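One structure is given below, encoded as structure tokens.
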Amino acid sequence: MSSTMGPNARLHRVSEIKECENQSKFVNQRVHEIETFFGNLCSELVSYTRRTSKLRNNGDEIARILLDYSNKEQINHTTSNALRKVSEYFVTLEDYRNTEIDRIVGKVVNPLAAYGEEIKHIKNSLKAESAARRREIINMRKLERSNTIQSSREAEIQLHNAMIDATRSANNLERCVLDFEGRRLKGLKRIITDFIQIEMLWHAKALETLTSAYNAIQLLHEEADLIEFRGTLLRSGSNLTVLNTNNNLPISQQSLTIGDQSSPMISPPVSIRDHRSYRPSSSVHSSMNSMKTGSRCSLTSLGRNKKKNQQLQGQTQQQQQHDQLSYSQQLHQQRQNSGISHHVNLYVAATFITHILL
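Just so you know, the UniProt record's numbering puts 133 at position 133 of the sequence shown, and the rest follows in order with no gaps.
So this is what it looks like as structure tokens:
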């Protein structure tokens, strides 16, 4: 067997093949680690964007609920205004969150997903290099087993071509791995930097918006809204009481005629805020006291003398008619002097009606 490659050259080439094989194993392990790292990172970032999208939807729902309540709230005005402003700030906050999601997808997730194709290309280069190295080893063994000159020459030619192919594949793999490692490092730095900047911008805008929302909710004045609610509660209960009382009265006693207009029994105009501190005038007290005295006398004399009781009842009715006429004249005079709009004094009206019934 004759060969142009001496024993020393073969040993050197065998050592080179082993070095290439070890290098291929290292590259394969490195690529596998990078693929696992990028895959896990990309998967978690996708999950992060999905959860952020759910937070955005929940935030929009919170803003909608606040806005609906502020529109329906008719009693507590400061609460309505404050919640409306807070809902607007929440909508702005979720708009910033939606922008954050779009930026993460565009600048972080998509670039990470693009590394999958590069890793696939490196794996193909590894396969090509391994196949070329195996062909070289096979041709080298074939050359060693050749017995004739013709077979040796053919084996040498095939080995030479396999060596060139293996060397080219190894160089190509080394160049691809180095280029990929450089791009990976720069890309990883850029991706993480963009992600941090996106989060910093989002949190800065969120802090600014939430600060405005905090200031807006401070405009809710509990005491003022409580006063409004208390007034509404008292008015609702008093209106119901007067309505029930008027329904139990005879039709002729449910209203008084002043001039040419028929209006319900009213007291002098009193502010809603001061309705609890209002007290009737001395003339009204005197008329009510006289009615109480007349009523008690009539009930006492009823058992003693029926005829005297009828006379006292007639006097009481005349006194009541006189009091009603005097009271209506007082109201008419107060309307002409003050010109203020008429407000229902529920306390005096209810008391007056009760004593008339007695």
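Every residue gets a Cβ at the ideal spot worked out from N, C-alpha and C, and that includes glycine. Every value quoted in this text rests on a predicted model; they were computed, and no experiment measured them.
Spatial neighbours of residue 209 in its own chain (CB-CB distance under 6 Å, excluding positions within 5 residues in sequence) are listed in chain order as 89, 92 and 93. When the five nearest sequence neighbours on each side are left out, the beta carbons in the same chain lying within less than 7 Å of the beta carbon of residue 21 are those of 133, in order along the chain. Rounded to the nearest angstrom, the gap between the Cα atoms of residue 191 and residue 107 is 7 Å. Following the DSSP letters along the chain, one finds residue 158 inside the alpha helix (DSSP H) bounded by residues 149-217.
Separation of the CB atoms of residue 139 and residue 155 is rounded to 6 Å, and the pair is thereby assigned contact status at 8 Å.
Between the alpha carbons of residue 212 and residue 84 lies a distance of about 13 Å. Rounded to whole angstroms, the separation of the alpha carbons of residue 143 and residue 32 is 36 Å. Here DSSP, grouped into helix, strand and coil, assigns residue 43 to helix.
Distance check between residue 177 and each of 26, 19 and 17 places 26 closest, using alpha-carbon atoms only.
Linking residue 166 to residue 43 through their CA atoms gives a straight-line distance of about 37 Å. Judged by DSSP in its simplified three-state form, residue 220 adopts coil rather than helix or strand. Counting along the chain, residue 85 sits inside the alpha helix (DSSP H) bounded by residues 77-104. Three or more beta-carbon pairs separated by less than 8 Å link the segment 184-201 to the segment 95-115, which places the two stretches in contact. In the three-state reduction of the DSSP assignment, residue 74 falls in the coil class, being assigned neither a helical nor a strand state. Collapsing the DSSP output to three states places residue 130 in a helix.
DSSP, read as helix, strand or coil, puts residue 125 in helix. Measuring C-alpha to C-alpha distances from residue 161 to each of 136, 174, 65 and 146 identifies 136 as the nearest. Between residue 207 and residue 82, the gap from beta carbon to beta carbon reaches 7 Å or more. Here the C-alpha atom of residue 70 lies approximately 14 Å from the C-alpha atom of residue 61.
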